[in-house]
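Enquirer: These protein sequences, in sequence, are chains A and B. Counting in the working numbering, the final residue of the first sequence is number 350, and the numbers go up one at a time with none missing. Counting in the working numbering, the final residue of the second sequence is number 1288, and the numbers go up one at a time with none missing. Using N, Cα and C, we set each Cβ at its ideal position, and we do this for glycine too. Got a structure for you, questions after.
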Amino acid sequence: MFLSVNGPQTAGNGRAFWLAFAAVLAAALAYPVFADPYDVGNFAYLLLWVFMAMGLCLIWGYGGMLSFGQTFFFGISGYAYGVLAINFGGADGTTFLALVLAVGLSALAALVLGYFMIWGRVTGVFFGIVTLSATLVLAFFLGQTAGPEWRIGDARLNGFNGMGGMEPLNLPWLDGDSLYFEGTALYYLVVALIVLVYLGLRMLVNSRFGNVLVASREDPQRAELLGYDVRKYQLAAFVLGSSLAGLSGVLYTSWGQFITPSSVGLPAAAMPIVWVAFSGRSDITAALAGSFIVLLLFQTITVYSQQAALILMGAMLLATVMLAPQGFVLGAVRGLARAARRGRLAGQEA
Amino acid sequence: MFAELFSFLYQFADVFAFLVLSASGLAIVFGMMGVINMAHGEFIMCGAYVTVALVQAGFPLPLAQLGGAVAAGLIGIAVEALVVRNFYKRPLDSLLATWGLSLVVTQGLLLTVGSTMPGIGTPPGSFTIGQYTFSTYRMVLFGCALAVLGLIYVVFMRTRFGVHARATMQNAAIAQCLGVQVGRVYGLSFGLGAALAGLCGALYAPTMTLIPTMGATFIVESFVTVVVGGANVLLGTAPAGLLLAAIRAGLNGWGGQIIGQIGMLLAVIVIIRILPDGISGLLARRAR
Chain A
1 MFLSVNGPQT AGNGRAFWLA FAAVLAAALA YPVFADPYDV GNFAYLLLWV
51 FMAMGLCLIW GYGGMLSFGQ TFFFGISGYA YGVLAINFGG ADGTTFLALV
101 LAVGLSALAA LVLGYFMIWG RVTGVFFGIV TLSATLVLAF FLGQTAGPEW
151 RIGDARLNGF NGMGGMEPLN LPWLDGDSLY FEGTALYYLV VALIVLVYLG
201 LRMLVNSRFG NVLVASREDP QRAELLGYDV RKYQLAAFVL GSSLAGLSGV
251 LYTSWGQFIT PSSVGLPAAA MPIVWVAFSG RSDITAALAG SFIVLLLFQT
301 ITVYSQQAAL ILMGAMLLAT VMLAPQGFVL GAVRGLARAA RRGRLAGQEA
Chain B
1001 MFAELFSFLY QFADVFAFLV LSASGLAIVF GMMGVINMAH GEFIMCGAYV
1051 TVALVQAGFP LPLAQLGGAV AAGLIGIAVE ALVVRNFYKR PLDSLLATWG
1101 LSLVVTQGLL LTVGSTMPGI GTPPGSFTIG QYTFSTYRMV LFGCALAVLG
1151 LIYVVFMRTR FGVHARATMQ NAAIAQCLGV QVGRVYGLSF GLGAALAGLC
1201 GALYAPTMTL IPTMGATFIV ESFVTVVVGG ANVLLGTAPA GLLLAAIRAG
1251 LNGWGGQIIG QIGMLLAVIV IIRILPDGIS GLLARRAR
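Below is the structure:
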């Protein structure tokens, strides 16, 4: 079976798009050569959240399931990575074993939660509030694990203060040294993963699987009458998207060697929704680019006031649904494309 | 023995009151418009803040609590007219819009008022059975929960507004053809839902620390009660409250608050697998 990165489910299939993609990728790869190492590390931090956004885009934009609980999987994986990395000691590549196991754990959690919701025919608004409830309960639970009895092996959960002290991702390298994925190395790791995940998701949504998924978003009953078991496709999308949130969680914990319950509960749970809604949930490229822009903006304002940044996020969400339900980034791109086409037609007539 | 039994019943009543008071406003709005108001917690917070401000201005507590509920209700009507009204055809977008609103309000309040506000303290008064001491105010809250359920019944079954509301709930288009002002019914229902949320905040204000993010304390309980109760507030909310309170109170007694909350959530996830339309869906199917 031939898998193509181009197709009807993604905007941007032409030569111009891929030239632009190559230019952006080249710029991203060259960036650490020119930039300050601190900025490179910071960019790696901003980019590691994008996996969660792309996962939500798959679940919500393509699958039509509005999940408010992506930080649930982020938190499960983030904490699992910490616990495993501490208990494994973190040398000889065991951190990558911890990464795989942690992402697997969030996939398992998504499989169980998704089974009950999707087979229970929970759709629409209830899907959102059940996933959000799960997230909030996890945050409450982690918040009260301050006592010394809350330890898994050598790892103390530490309640609201958060868990720290795990090794960052590292691999054995030349001369018995270890290559630690921090700063520039982490940046290249994250960029490579993003390219992999992005192209992989494009192939997925343009394949038969993606077409069925979109069909079940548009009209589940019709898709079912055409002979597809809609639930299996939705569950697969939910598990895959949630694993991507888990991947973000692992990278986050590894980046700061630290994770707290506040990255699970409110208002953190609202953030992926803001990124993806603002960007345009129905296209993976828009989610990727838009989320990065929103994250950069958020961080710039957070330096002055965290509350102000969160107010802006709330206002952006409100403005998106009132003014541009398709998302601002996607809306702007489509508008430009329309204008360009009109310009070309006008040129032909002249 | 009697003391132990009463102690369990007291726990049960406490949880039941919490679930019913925090969920009834959300349930009315969901049942009428199919909209889940993500700013529900902020209406609760608003009721609590107004109550405390009025008490500190010298009003007696019950009057201040009424004031809190009324204030939340008025704000609710305004929010419905300005924001929610645009989204009745797109219920999922209404979730996002109200969530955005909730973020703006909580963070705005954190920025302007600050993180905490001096509280007013639980009204004193307790009674003793066996070797256990119980707070009278918690029993008052249980009474209020029953009163709210009674009030909802009377409003929806015995008033002209209730007839219009039930007609709208059943079929908005036909109700409109028969001369019901559907837009006004929606506005008033949203206001009523917000006022009940405000009442919940007002009633719990004396027992809690006032912080702008306090709505989050209530929101899980209100969500799960509405999910289990289903779309009909008259049929669903009270049985859902009873069921979840029994689960929660039992687990609380066995393993503490956090086990109670996790257990309740797991129970809800299993319940939605069995009863996708909630208890009111089951009862409505039986009745047919």
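1. Quick one: is residue 1171/B buried, meaning 16 or more other Cβ sit within 10 Å of its Cβ, or exposed?
2. Taking its Cβ as the centre, do 16 or more other Cβ atoms sit within 10 Å of residue 130/A, making it buried, or is it exposed?
3. What is the residue span of the beta strand (DSSP E) that residue 1135/B lies within?
4. Below 8 Å CB to CB, which residues in the same chain sit around residue 967/B once its five sequence neighbours on both sides are set aside?
5. Using DSSP's beta-bridge definition, name the partner residues of residue 155/A.
6. Is it buried or exposed for residue 37/A, if we count other Cβ within 10 angstroms and need 16 for buried?
7. Taking 7 Å as the cut-off, decide whether the C-beta atoms of residue 1175/B and residue 1165/B are in contact.
8. Using a cut-off of 9 Å between C-beta atoms, extract the partners of residue 1086/B located in chain A.
9. Would you kindly work out how many angstroms separate the C-alpha atoms of residue 314/A and residue 1272/B, rounded to a whole number?
10. Per the DSSP calculation, residue 164/A is bridged to which residue(s)?
11. Shortest alpha-carbon distance to residue 74/A belongs to which of 91/A, 226/A, 168/A, 53/A?
12. Which bits of chain A does residue 1108/B rub up against, with CB to CB less than 7 Å?
13. Is it a yes or a no for the stretch 1190 to 1207 of chain B touching the stretch 1038 to 1053 of chain B, going by three-plus beta-carbon pairs under 8 Å?
14. Under 7 Å, do residue 60/A and residue 295/A count as touching if we go by C-beta distance?
15. What would DSSP say about residue 266/A, mapped onto helix, strand or coil?
16. Please state the DSSP three-state secondary structure of residue 1129/B.
17. Count the other CB atoms within 10 Å of the CB of residue 154/A; is the residue buried (16 or more) or exposed (fewer)?
18. Could you name the residues of the same chain whose beta carbon sits closer than 8 Å to that of residue 301/A, not counting the 5 residues immediately before and after it, in chain order?
19. Rounded to whole angstroms, what is the Cα-Cα separation between residue 158/A and residue 139/A?
20. Tell me, which residues are paired with residue 170/A by DSSP?
21. Which of helix, strand or coil does DSSP assign to residue 1117/B?
22. Determine, using beta carbons only, whether residue 1216/B comes closer than 7 Å to chain A.
23. Going along chain A in order, which residues have a C-beta closer than 8 Å to the C-beta of residue 1262/B?
24. Which two residues bound the contiguous alpha helix (DSSP H) that contains residue 298/A?
25. Going by beta-carbon coordinates alone, are residue 1247/B and residue 1264/B separated by less than 7 Å?
26. Taking only the alpha-carbon atoms, compute the straight-line gap between residue 276/A and residue 162/A and give it to the nearest angstrom.
27. By DSSP's criteria, residue 1210/B is part of a beta bridge. Which residues make up the other side?
28. If we call anything under 7 Å between Cβ atoms a contact, is residue 1067/B one with residue 1198/B?
29. Return helix, strand or coil for residue 331/A, following the three-state DSSP convention.
30. If you run the structure through DSSP and keep just helix, strand and coil, what is residue 1/A?
31. Identify, in the order they occur along the chain, each residue of the same chain with its Cβ nearer than 6 Å to the Cβ of residue 973/B, setting aside the five sequence neighbours on each side.
32. Could you check whether the Cβ of residue 1097/B sits closer than 7 Å to any Cβ belonging to chain A?
33. Could you tell me which chain D residues have their CB closer than 8 Å to the CB of residue 1223/B, listed as they occur along the chain?
34. For the putative contact between residue 164/A and residue 261/A, defined by C-beta atoms under 8 Å, what is the C-beta separation to the nearest angstrom?
35. Quick one: what does DSSP say residue 65/A is sitting in, helix, strand or coil?
36. Taking residue 1091/B as the query, report the chain A residues whose CB atoms sit under 7 Å from its CB, ordered along the chain.
Expert: Put simply:
1. exposed
2. buried
3. 1132 to 1135
4. Examination of residue 967/B is not possible in this model, given that chain B is present from 1001 through 1288 alone.
5. 152/A
6. exposed
7. no
8. 321, 322
9. 30 Å
10. 258/A
11. 53/A
12. 311
13. yes
14. no
15. coil
16. strand
17. exposed
18. 308, 309, 312
19. 13 Å
20. 180/A
21. strand
22. yes
23. 137, 141
24. 284 to 302
25. yes
26. 27 Å
27. 1117/B
28. no
29. helix
30. Annotation note: pLDDT 49 at residue 1/A (below 50); position unreliable, no value reported.
31. Absent from the model: residue 973/B. The displayed extent of chain B is 1001 to 1288, so no value can be given.
32. yes
33. This model lacks chain D altogether, as its protein chains are A and B.
34. Incorrect: roughly 13 Å between the Cβ atoms, too far for contact.
35. coil
36. 124, 125
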